[in-house]
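See structure below.
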Amino acid sequence: MTSSGYATERETTEGRVFTVTGGDWDTVTGSIDPLSNEKIVVNMGPQHPSTHGVLRLVLELEGETVTEARAVVGYLHTGIEKNLEYRNWTQGTTFVTRADYLAPLFNEAGYVLGVEKLLGITDQITERAQTIRVLFMELNRISSHLVWLATAGMEIGAISMMLYGFREREYILDIFEETTGLRMNHAYFRPGGVAQDIPDSAIKKIRDFLVYMPKKLKEYEDLLSGQIIWQQRTQGVAVLDVTGCLALGVTGPVLRSAGLAWDLRKTMPYCGYENYEFDVPTATTADVWGRYQVRMAEMRESLKIVEQALDRLKPGPIFVADKKIAWPAQLAVGVDGLGNSLEHVAKIMGQSMESLIHHFKLVTEGFRVPPGQVYIGIEHPRGELGVHVVSDGGTHPYRVHMRDPSFVNLQSIPAMAEGALIADVIAGGASLDPVMGGCDR
1 MTSSGYATER ETTEGRVFTV TGGDWDTVTG SIDPLSNEKI VVNMGPQHPS
51 THGVLRLVLE LEGETVTEAR AVVGYLHTGI EKNLEYRNWT QGTTFVTRAD
101 YLAPLFNEAG YVLGVEKLLG ITDQITERAQ TIRVLFMELN RISSHLVWLA
151 TAGMEIGAIS MMLYGFRERE YILDIFEETT GLRMNHAYFR PGGVAQDIPD
201 SAIKKIRDFL VYMPKKLKEY EDLLSGQIIW QQRTQGVAVL DVTGCLALGV
251 TGPVLRSAGL AWDLRKTMPY CGYENYEFDV PTATTADVWG RYQVRMAEMR
301 ESLKIVEQAL DRLKPGPIFV ADKKIAWPAQ LAVGVDGLGN SLEHVAKIMG
351 QSMESLIHHF KLVTEGFRVP PGQVYIGIEH PRGELGVHVV SDGGTHPYRV
401 HMRDPSFVNL QSIPAMAEGA LIADVIAGGA SLDPVMGGCD R
């Protein structure tokens with residue numbers, strides 16, 4: 001039998017048994033080494049406002065210093081990947097778009113590029129469809145970084161930044177709504193092209209945004225960059241150098257803030273990115289300040305790409321010509337603003353029974369994808385988004401797995417947090433820009 005300051009204990013066949021009794025306070029505290037046992041374990045999250053969704057961090061503290069940090073994920077698991085196996089290939093876009101809900105168009109892009117590669121139609125995607133994809137992905141990159149700047153600013157104390165970031169993001173969401181019908185979760189990118197063409201009114205809004213947004217970025221920097229509190233909360237905080245990033249598989253702005261200019265739009269181009277002029281911003285500080293600088297510069301580079309995409313937007317089809325794949329998307333809207341035009345319905349119903357049957361089969365059953373598997377990597381606002389798509393030759397995916405950058409980047413929390421103050425866990429975690437919908441899926 002042994003004794004500690006709190007209770008006597010003995011080993012039994014059922015395990016260790018403690019006998020808890022009252023005791024003199026001096027006796028209890030006298031047997032504890034105050035240096036080694038002044039530790040508390042706290043849960044930060046999953047309902048904490050600064051954990052960017054339902055992330056749980058289990059922190060072991062000595063005073064305000066973090067001695068151990070563990071990230072616990074899975075609270076936002078939605079079964080997206082499994083659900084894809086029970087839907088046809090086109091319906092899959094409505095699921096993947098809901099993974100990382102701040103960058104839905106990137107989820108869609110990774111998925112449809114994989115399906116198109118399996119179909120062997122990558123080279124048949126029209127120039128207009130590719131240009132629209134690039135245009136909307138870069139707008140989405142800006143809107144995602146604005147949410148990061150808004151929420152990270154608020155968590156470090158710059159509450160005004162929260163208001164301004166969401167104000168500008170609304171402008172982009174209005175453009176998305178005007179084109180796709182939805183502010184988020186668009187299911188706009190489809191295998192073979194995009195669901196519908198971009199209206200002239202949205203193009204005008206984008207051109208207005210290109211004039212408006214650079215001034216706002218300057219305002220953000222005037223507000224934050226020279227602010228002594230912002231500098232002290234970000235400079236030298238949550239350092240993760242290139243070696244650490246590569247060891248943990250960290251990509252995106254966090255890796256580029258450590259000095260490595262790794263951007264899949266440049267290193268492994270897709271959607272015609274090789275035809276656009278833009279730089280890959282980097283920093284050398286490898287801290288929260290560097291990640292802030294990189295994301296601010298990336299928004300400016302995205303504006304350059306958006307402007308080039310608008311200039312390249314020539315009239316033409318937005319879907320592949322193969323009617324075995326293309327949904328009948330080029331439909332005129334009826335006079336009531338709903339559904340298909342009567343002329344189109346009359347043509348299908350009255351003139352061509354074959355096209356009616358084909359339409360019915362294509363919409364209800366879907367097209368077949370040849371057996372095989374592909375991996376597609378794209379440059380998501382948070383890093384490399386990888387989509388592994390497997391087909392067994394049927395009308396549904398056999399398996400789809402997403403390598404979400406939020407999930408991988410969260411591995412770096414212990415490396416950045418342990419040995420630092422608890423306040424720096426907030427700044428460091430925010431600088432990763434994790435979105436738990438993508439992490440947990």
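Under full-length UniProt numbering, the letters of the sequence shown match residues 1 to 441, in that order.
Where is the CB? At the ideal position from N, CA and C, for every residue including glycine.
If you're wondering where the values come from, they're calculated on a predicted model, not measured in any experiment.
Worksheet item: Does the distance from the C-beta atom of S412 to that of R291 stay below 9 angstroms?
Response: Residue mapping note: residue 412 aligns to position 412 of the sequence shown, counting from 1. Residue mapping note: residue 291 aligns to position 291 of the sequence shown, counting from 1. Contact flag unset, no.
Discussion item. For V425 and A417, which I take to be in contact (beta-carbon distance under 8 angstroms), what is that distance rounded to the nearest angstrom?
Written reply: For the purposes of this step, residue 425 is taken as residue 425 along the sequence shown, with counting starting at 1. For the purposes of this step, residue 417 is taken as residue 417 along the sequence shown, with counting starting at 1. With a Cβ gap of about 5 angstroms, V425 and A417 count as contacting.
Discussion item. Only counting the same chain, and skipping five residues up and downstream in sequence, which positions put a Cβ closer than 6 angstroms to that of V408?
Written reply: Along the sequence shown, read from residue 1 onward, the residue named residue 408 stands at position 408. Correct list, in chain order: G249.
Worksheet entry | Closest residue to residue 462 among M402, G316, V288 and L118 (Cα-Cα distance) | Nothing about residue 462 can be reported from this structure: the residues present for the chain run from 1 to 441 only.
Item to complete: Could you say which of R441, R368, I422 and V390 lies nearest to D404 if we only look at CA atoms?
Response: The count along the sequence shown starts at 1 and reaches residue 404 at position 404. Nearest C-alpha to D404: R441.
Discussion item. If I follow the unbroken beta strand (DSSP E) through E14, where does it start and stop?
Written reply: To locate residue 14, count along the sequence shown from 1; it is residue 14. Per DSSP, E14 belongs to no beta strand (DSSP E) and is neither H nor E.
Worksheet item: Does the separation of the CB atoms of R312 and T131 fall below 9 angstroms?
Response: Taking the first residue of the sequence shown as 1, we reach residue 312 at position 312. Taking the first residue of the sequence shown as 1, we reach residue 131 at position 131. Contact: yes.
Discussion item. Less than 6 angstroms between C-beta atoms, sequence neighbours within five positions excluded: which residues of the same chain meet that for E155?
Written reply: Within the sequence shown, residue 155 is the residue found at index 155, counting from 1. Within the same chain, E155 has close Cβ partners S50, I426 and A430.
Worksheet item: Going by beta carbon distance, what residues of the same chain come within less than 6 angstroms of G252, once the five residues before and after it are set aside?
Response: If you number the sequence shown from 1, residue 252 lands on position 252. Closer than 6 angstroms at the Cβ level, and outside the excluded window around G252, lie R382, G383 and P405.
Fill in: Own chain residues within Cβ distance below 6 angstroms of I376, not counting five before or after
One-based indexing of the sequence shown puts residue 376 at position 376. G110, L113, G114 and V387, listed in sequence order.
Item to complete: Specify whether the stretch 225-241 and the stretch 271-284 touch according to this definition: at least 3 beta carbon pairs, one from each stretch, less than 8 angstroms apart.
Response: no
Worksheet item: With respect to the beta strand (DSSP E) encompassing Y398, which residues constitute its N-terminal and C-terminal limits?
Response: Your numbering for residue 398 matches position 398 in the sequence shown. It is not in any beta strand (DSSP E) - Y398 carries neither H nor E in the DSSP assignment.
Practice prompt. From the DSSP output, in three-state form, read off H145 for me.
Written response: In the sequence shown, the residue the question calls residue 145 occupies position 145. Helix at H145.
Discussion item. Taking the beta carbon of I378 as the centre, do at least 16 other beta carbons fall within 10 Å, making it buried, or is it exposed?
Written reply: As a position in the sequence shown, residue 378 is number 378, starting the count at 1. Answer is buried; the Cβ neighbour count reaches 16.
Discussion item. So for F319, helix, strand or coil by DSSP?
Written reply: The residue labelled residue 319 in the question sits at position 319 within the sequence shown. DSSP places F319 in strand when its eight states are reduced to three.
Worksheet item: When the Cα atoms are used, what is the spatial distance from I198 to R70?
Response: On the sequence shown, residue 198 is found 198 positions in, with the first residue counted as 1. On the sequence shown, residue 70 is found 70 positions in, with the first residue counted as 1. I198 and R70: Cα-Cα distance of roughly 45 angstroms.
Worksheet item: Any idea which residues DSSP pairs Y375 with across the strands?
Response: For the purposes of this step, residue 375 is identified with residue 375 of the sequence shown, where counting begins at 1. BP columns for Y375 point to H388.
Practice prompt. Could you tell me the distance, in whole angstroms, from the CA atom of W262 to the CA atom of R128?
Written response: Taking the sequence shown and counting its residues from 1, the one referred to as residue 262 is at position 262. Taking the sequence shown and counting its residues from 1, the one referred to as residue 128 is at position 128. Going from the Cα of W262 to the Cα of R128 covers about 27 angstroms.
Discussion item. What would DSSP say about R56, mapped onto helix, strand or coil?
Written reply: The sequence position of residue 56 within the sequence shown is 56, counting from 1. Strand, per DSSP.
Discussion item. Assuming T93 is part of the alpha helix (DSSP H), what are its boundary residues?
Written reply: Numbered from its first residue, the sequence shown carries residue 93 at position 93. Where T93 is concerned, the enclosing alpha helix (DSSP H) stretches over T93 to V96.
Worksheet item: What is the residue span of the alpha helix (DSSP H) that A415 lies within?
Response: Along the sequence shown, read from residue 1 onward, the residue named residue 415 stands at position 415. First-last of the alpha helix (DSSP H) with A415: I413 to A417.
Discussion item. Residues in the same chain with beta-carbon distance under 6 angstroms from V54, minus the five sequence neighbours each way, listed in chain order, please.
Written reply: Taking the sequence shown and counting its residues from 1, the one referred to as residue 54 is at position 54. The answer, listed in chain order, is P46, Y75, L76 and M436.
Worksheet item: Per DSSP, what kind of secondary structure is residue 498 in: helix, strand or coil?
Response: Residue 498 cannot be examined here, being either before or after the span of the chain that is shown, 1 to 441.
Item to complete: With DSSP as the reference, label R295 as helix, strand or coil.
Response: Start at 1 with the first residue of the sequence shown, and residue 295 comes out as number 295. Three-state result, R295: helix.
Worksheet entry | Run of the beta strand (DSSP E) containing E68, from where it starts to where it stops | Translated into the one-based positions of the sequence shown, residue 68 becomes position 68. Here the beta strand (DSSP E) through E68 covers T65 to V72.
Discussion item. Which same chain residues end up closer than 6 angstroms to A187 when comparing Cβ atoms and leaving out the 5 residues on each side of it in sequence?
Written reply: On the sequence shown, residue 187 is found 187 positions in, with the first residue counted as 1. Counting only Cβ-Cβ distances below 6 angstroms, and skipping sequence neighbours, we find T93, T94 and T97.
Worksheet item: In chain order, what residues of the same chain have a beta carbon less than 8 angstroms from the beta carbon of I206, not counting five sequence neighbours either side?
Response: What you label residue 206 is simply residue 206 of the sequence shown in a count that begins at 1. L135, L139, I175, V306 and L310.
Worksheet item: Near I125, what residues of its chain come up, given a Cβ to Cβ distance below 8 angstroms and the 5 sequence neighbours on each side ignored?
Response: In the sequence shown, residue 125 corresponds to position 125, counting from 1. E116, G192, G193 and V320, listed in sequence order.
Practice prompt. Would you please state the rounded distance, in angstroms, between the beta carbons of A420 and V66? I believe it to be under 8 angstroms.
Written response: Numbered from its first residue, the sequence shown carries residue 420 at position 420. Numbered from its first residue, the sequence shown carries residue 66 at position 66. With 8 angstroms as the limit, A420 and V66 qualify as a contact, their Cβ atoms being about 6 angstroms apart.
Practice prompt. Can you give me the Cβ contacts of residue 444 inside the same chain, cut-off strictly under 7 angstroms, excluding the 5 residues immediately before and after it?
Written response: Here the chain comprises residues numbered 1 to 441, so residue 444 is not present and cannot be evaluated.
Discussion item. Quick check: the Cα distance between residue 490 and F189, rounded to an integer number of angstroms?
Written reply: Nothing about residue 490 can be read from this structure; the chain reaches only from 1 to 441.
Fill in: CA nearest to the CA of D241, picked from T285, G350, R183 and P317
To locate residue 241, count along the sequence shown from 1; it is residue 241. Checking every option, the nearest Cα to that of D241 belongs to T285.
Practice prompt. Taking Q91 as the reference, give the member of C439, L385, T395 and Q227 with the closest Cα.
Written response: Taking the sequence shown and counting its residues from 1, one reaches residue 91 at position 91. Of C439, L385, T395 and Q227, the residue nearest in Cα terms is T395.
Practice prompt. Just tell me which of G165, V72 and G272 has its CA closest to the CA of E219.
Written response: One-based indexing of the sequence shown puts residue 219 at position 219. It is G165.
Item to complete: Within 10 angstroms of the Cβ of R16, are there 16 or more other Cβ atoms? Answer buried if so, exposed if not.
Response: Stepping through the sequence shown from its first residue, residue 16 is reached at position 16. The residue is exposed, with fewer than 16 neighbouring Cβ atoms inside 10 Å.
Worksheet item: Alpha carbon to alpha carbon, what distance is there between L59 and L182?
Response: As a first step, residue 182 must be located in the sequence shown, where it is residue number 182. As a first step, residue 59 must be located in the sequence shown, where it is residue number 59. Going from the Cα of L182 to the Cα of L59 covers about 39 angstroms.
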